[in-house]
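**Q**
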Amino acid sequence: MALKGGRKNLKRAVNDETLTLQPGQSIMQVVSLRGSNLIEVIDAKGDKTLAIFPAKFQKSMWIKRGSFVVVDDSGREEAVESGRKVACVVVQVLFHEQVRVLQKSPGWPEIFKSAMADSSNGNSENSQRRPSTTDEKIESDSSEDDGLPPLEANTNRRIHIELQLTTDSDSDLDDWGAIAIAIAIHIYKHNRMIDLI
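Numbering (the UniProt record's numbering), first residue to last: 1 to 197.
1. What does the Cβ neighbour count give for residue 39, buried or exposed, with the cut at 16 atoms within 10 Å?
2. Only counting runs of 3 or more residues, tell me where the beta strand (DSSP E) segments fall wholly within the UniProt domain "S1-like" (24-74), in order along the chain.
3. For the beta strand (DSSP E) containing residue 92, name the first residue and the last one.
4. What number of angstroms, rounded off, separates the C-alpha of residue 74 from the C-alpha of residue 23?
5. Which residue wins for smallest C-alpha separation from residue 49, given the options 19, 81 and 60?
6. In whole angstroms, what separates the C-alpha of residue 45 from that of residue 36?
7. Grab me the residues of residue 89's own chain with a C-beta within less than 6 Å of its C-beta, minus the 5 sequence neighbours each way, in chain order.
8. Could you give the first and the last residue of the continuous alpha helix (DSSP H) run that contains residue 157?
9. Between residue 41 and residue 58, which are expected to be in contact by the criterion C-beta below 8 Å, what is the C-beta distance as a whole number of angstroms?
10. Taking the alpha carbon of residue 54 as the point to measure from, which residue in 175, 91, 108 and 66 has its own alpha carbon closest?
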């Protein structure tokens, strides 16, 4: 429930785990951050639109790709028909606990269930690929964590890899050059696919 009054009632609204959607409001997932206060969101039908992230949220709440928000899209059709790019306004940011409660409800959109399953499968695959030495290190460091959840990687930044090749013989240089080019092409295609998504 989004209360009036700017930042004053913002913390109270965040702590409220029960969510009732008002007419004209819907749950959407953040696809990308466009800069300043614009975000791209996807609705339950799979349609992408731009939404405004109000200033009252900017200094107190942070969102990233994959976050869920409650959006007021009551004037969305008129905005699209008139040619405006921004069609909705973020009313509330949903946190992990709220999303967990909503996922169990029958009103949770099916498209978001598949997105959450894909992300959880990706996390389990990454945890299985770690070598055993890292698992042992994590177990030994667990006493230092004080029960805190593990840190997540920043998904809003791209990872750039630079390859440097130094060899003495020309035949090794040709072999390594071909390998370096193949790796560079693979990385370029992978980054290109991420940009398209």
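Note that the Cβ used here is the ideal one computed from N, Cα and C, for glycine as well.
From a predicted model like this one, the values you see are computed outputs, not experimental measurements.
**A** Let me spell this out:
1. buried
2. Qualifying beta strand (DSSP E) stretches, in chain order: 25-35, 38-42, 48-52 and 68-72.
3. 86-94
4. 8 Å
5. 81
6. A direct Cα-Cα distance of roughly 26 Å separates residue 45 from residue 36.
7. 52 and 72
8. No alpha helix (DSSP H) contains residue 157, which DSSP labels as neither H nor E.
9. At roughly 16 Å, the Cβ-Cβ gap does not stay under 8 Å, so residue 41 and residue 58 are not in contact.
10. 91
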